[in-house]
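Undergrad: Residue numbers for the sequence shown follow numbering that gives the first Met the number 0, beginning at 0 and rising by one. Just so it is clear, CB atoms sit at the ideal spot from N, CA and C, and this is done for glycine as well. Please read all numbers here as calculations on a predicted model, not as lab measurements.
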Amino acid sequence: MLLRNSLSSCIGLLCALTFAGCGGGGSSAEAPTQALHNASTTVQGTVVKGIVRGGLVNAYKLKDGSIDTLLASSTTDESGQFSFQFSDYSGPVYVEVTANSAGSWMVCDSGSGCGEHTDSTELDKNSNGLIDFGEEFKLGSDFSLTAALDSEGLTTPFSVTTLTHLAAQLAHSYPQGMNEISIAVARSQLEDLFGVSGIASSKIINLADPDAIANAGEQQLKQTLLSSALIGMGNETAFPQLLNALVYQLQSQGGQMITHSADGNRISLADLIDEAMKTARMLELDNLASSFQITKTNLWTMDAGSLTEAKPSPTAAGDKADLINAFINDLNTWQGYLSLSPDQTSFANVVSSIGVSTGADLNNMMKAVALAGQYGPVVALPDAALSTACNSLGNALTRMTCHLLISGKSLQDICEGSLNLVIFNRSLCDVLNDLTLPLGNGLKGNFALYDGIARIYGTTLDGVEIDITFTALSNSGTSYAFSVSGTADTDTGALAIQSGEFALTFEGGLDIKNLKLPETARGEIEVSYQQFADSDSGDSTSFAGSLAIDLDLSGVRKLESDAEHAYAGLDSVDLSLIADGAFESIYGDHFNGSLNLSGGLDSDIRVIFETDLPDYSDRATVSLISTPEKLSSGAIEDISISWGGKRYDVMYFMAPSYGTRISNQDSVIMDLDLTVEDGETAGYIYHNGTRYARVSPLNGSLLLELSDGTEQVL
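(1) How big is the Cα-Cα spacing for residue 645 and residue 664?
(2) When the Cα of residue 134 is compared with those of 72, 198, 52, 166, which residue comes out closest?
(3) Taking the alpha-carbon positions, what's the residue 362 to residue 575 distance?
(4) With distance defined between alpha-carbon atoms, name the residue in 333, 151, 548 nearest to residue 595.
(5) Can you tell which of 692, 353, 473 has the C-alpha that lies nearest to the C-alpha of residue 587?
(6) Answer with buried or exposed for residue 618, where buried requires no fewer than 16 other C-beta atoms within 10 angstroms of its C-beta.
(7) For a quick check, are the C-beta atoms of residue 88 and residue 60 less than 8 Å apart?
(8) Return the chain-ordered ranges of every beta strand (DSSP E) run that is complete within the segment 632–667 and spans a minimum of 3 residues.
(9) Consult DSSP for residue 368 and reduce its assignment to one of helix, strand or coil.
(10) For residue 140 versus residue 98, is the C-beta distance shorter than 8 Å?
(11) Please work out which residues of its chain come closer than 7 Å, Cβ to Cβ, to residue 672, disregarding the five sequence neighbours upstream and downstream, and give them in chain order.
(12) Let me know if residue 556 comes out buried or exposed under the rule of 16 or more other beta-carbons within 10 Å of its beta-carbon.
(13) Which residues in the same chain as residue 21 place their Cβ atom closer than 7 Å to its Cβ, once the five residues preceding and following it in sequence are excluded?
(14) Beta carbon of residue 190, beta carbon of residue 198: below 8 Å?
(15) Taking just the CA atoms, how far does residue 396 sit from residue 420?
(16) In the DSSP assignment, what residue or residues form a beta bridge with residue 137?
(17) Does DSSP put residue 39 in a helix, in a strand, or in coil?
(18) Suppose you measure from the CA of residue 675 to the CA of residue 689; what does that come to, to the nearest Å?
(19) Establish whether the CB of residue 465 and some CB of chain B are separated by less than 8 Å.
(20) Under 8 Å, with one C-beta from each stretch per pair, do the segment 230–240 and the segment 284–293 reach the 3-pair mark?
(21) Going by beta carbon distance, what residues of the same chain come within less than 8 Å of residue 696, once the five residues before and after it are set aside?
(22) Out of 84, 130, 450, 691, state which residue places its alpha-carbon closest to the alpha-carbon of residue 375.
(23) What residues in its chain sit with their C-beta under 8 Å from that of residue 426, if we drop five residues either side in the sequence?
(24) Can you give me the start and stop residues for the alpha helix (DSSP H) that residue 413 sits inside?
(25) For residue 124, does the count of other Cβ atoms within 10 angstroms reach 16, so buried, or fall short, so exposed?
(26) Less than 8 Å separating the beta-carbons of residue 385 and residue 474?
(27) Are residue 109 and residue 227 close, meaning C-beta to C-beta below 8 Å?
(28) Is the segment 455–474 touching the segment 332–340 in the sense that three or more CB pairs, one from each, lie closer than 8 Å?
(29) Between residue 101 and residue 84, which are expected to be in contact by the criterion C-beta below 8 Å, what is the C-beta distance as a whole number of angstroms?
(30) What's the call for residue 32, buried or exposed, on a 16-neighbour Cβ count within 10 Å?
(31) Looking only at C-alpha atoms, which of 150, 507, 651 sits nearest to residue 182?
Here is the structure:
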C-alpha cells in the first residue's frame, strides 16, 4: 500500500543547465532591456565552439519537458553573435544551432588542430592542407550545438558551447525532460564534473583572439578550453559523432564520465583534460596547463574504466527544487498514517476511534431528543397549561373540580397563596406538579408545572429509548429555553446527557391546547456516549465531551395517532452536529478533537483533531471528510493536514476515475491515476503547471522518477 513503505534516501537534488555569458572579439553584447515576462523579449548570445559564423539559430518553447513550437530564428554574425525576439511567452527555451544551407563556418580553437581542409583551399592560410588553430572550416550538415535556458538565463547574453550542449542533452534525458529544475540540475552536474563554475554567467571567449585571452578571467579560459577539447580528439567531420558519443555516455551513466580508459576506445575525462592542457600550453597559459596536468594525474590514479562521482549542488535549482523535495519529504513524514489509495484507511487509529455508527447514532438520538422537546413548553407556559392539565385528570368529577378550583387563578396563586386548594385530600399544587400523560409515539410525559420540569420518557417508534428531563429557563413568545439532562439509548449505543441547554423555536407562537413540533432546535450539551460492539464491527467507541446541535425540523409533520409511523419527513431533517471531546475505541485508539455532521445522514462527516507529527517535531491539525457509509469501512473522501505554516490537501476519487490528488501551500500538486499497471505512468508532480517528477506504481508502492534522473519510492 502506498506510503506504507519507507521512502528511499534522496540521491540528488533537482537542478538544470543555463548558459555562460556572451563574449567574442574581446567585447561582450549588451544585456537586453526587457525581462522574459514582458510582452516582447529580446535574447542575445554567441555560438562558441570556436566562433561559429553564419550558423542558423532556432529557439523553441519547452512545454511539459519537451521541445514545443518554434519561437524565433536568427543567424550568427562574423563574431558568432546573434539575437532574436519573441513575445507572449514566459518559460524555459531550447536553442539549437545548425549549419545554414547558405554556408556556415567555424574557427578552429584546438591546439591539436581540427582535421584537414577538403573543399576551401582559400581558408588554408599556410597551404598545408590542415585546419590549424585559428583557421576556419565549413560546417557539415550534421553539425548541432544546443543550449537549454531557464527563464533567468534569457535575461542576459549567453553562449552556446560544447558544455551547454552536454548539459541540455543531459537534462533532456531526465524523466521529465527539460524544465526549470532539470536544466538547473544538469548545469550544476556539469560544473562539478569539469571543475568549473558559472556556466550560466561566464563569458566564453574566442581563443583565436589574443585580446580576448588577455582580458579573460581564469574561469572563462578554463571553460573555453574544455569546450574546445573534443574536436582535437578527432577532426571536423568526426566532431558531431564524438559529441554524440559523449552525450550518450553522460545520459546512460547518470551524468558521469569514465575517468580514464585502458583501451582508448571510449572518450574519458582524462582525454578531454589532456586536449585542454595542450591548447593551454600552446597559448602559454601556464597556470591553467599546470592545473589540467594535476587533474589528469589524479584521474589516472583511479581504476581504468571507473566513473567520476560528480554531484549537483544541493541548492542548484533554488526554490523550485526545494519546493519539490520538501513536498516529497513531507509525504515521507506521514508514511504509515496517510494512504494514497482511496480504499485504504488513512489515520486508521482515528477512524477506528470514531467507530462505524457514531455519527448516525448520535444523529438519531438528537432527533429523538428534539422531537421530545415539543412537550417542553407545557412547563414553560404553566399558566396557559392549567386548563389543559385539568383536562388530563382521571375522571369527570376530578376534572370538573380542578376547573372550579383554578378558575381565575394563576399557578403562583395556587401554589404560593393562602388558598390551600385541595382535590380529594390532595393539594391542587401537588396534583399540577405531578402529571403523567401518554404523549404518543411510544412516549409518556411527567410534568411538574410549578417546578417547570418536564420528564419525557419511553421508546420511540424509531427504536430510541429516551428519558430526558427539560427544565424551563426562559421564553420569549416563540423561543423556549431549557436545561436538559437524561439518557437516550439505541441498539448500537448509549448517550448520557449530564448538562446543557436546549432552545426550541415555534414560529407563530405556541398553543398549549394543540401542541406542535418546533421548527428549529438548538443546544449545547455535555455528554458521554458509548457505541456498542457488534458482529459487523468488533470495536466499540466511547465519547466524552460536548455536543453542539442545530436541527431544522420544519419539514417534519405529525401523523395520525393510528399511523404506522408517528412522523413524516424525518429524512428531511437538516441536522448540524459537532461532537467536541475525547474519542476512544475499545482497542485503545483515541483522539481529542471534533466530529462535525452537517445536513443529516446523507451529508459529509468532518472529523478534526490534533496529533503529533510522526517524528514528534510539531503538532498538526488534521481534518478528515467522509460520508457515514464510507466512514464505516474506513474510507475517506478528503484530508487536510496543517502544521508549522504548511497545509496538505488530499482528495480521493472513486468514480468516474480512481485516484488521488495531493496539493500543498506552495502550489505543488501530485495527481495519480491508480488504475494503471506497474511501470505505467500514474501521474506527475507539478509546480505551477510544470512537471517535475513522473510517478508510477511499483509493487504496491509508488516510484518517483525525478527531473534529475534519481528515483525515490513512496
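TA: According to the structure shown:
(1) 6 Å
(2) 52
(3) 9 Å
(4) 548
(5) 353
(6) exposed
(7) yes
(8) 637–642, 645–652, 658–663
(9) helix
(10) yes
(11) 656, 658, 681, 682
(12) exposed
(13) Per-residue confidence for residue 21 stands at a pLDDT of 30, beneath the threshold of 50, marking its modelled position as unreliable; the derived number appears in the next sentence. Only 27, 28, 43, 44, 45, 80, 156, 157, 158, 202 meet the Cβ criterion.
(14) yes
(15) 16 Å
(16) 104
(17) strand
(18) 22 Å
(19) In the structure shown, chain B cannot be found, because there is only a single protein chain.
(20) no
(21) 673, 675, 676, 677, 678, 679, 681, 702
(22) 450
(23) 419, 420
(24) 410–415
(25) exposed
(26) no
(27) yes
(28) no
(29) Residue 101 to residue 84, Cβ: 22 Å. No contact.
(30) Legend: pLDDT at residue 32 = 32, less than 50; position of this residue unreliable, value from coordinates given subsequently. That one is exposed.
(31) 150
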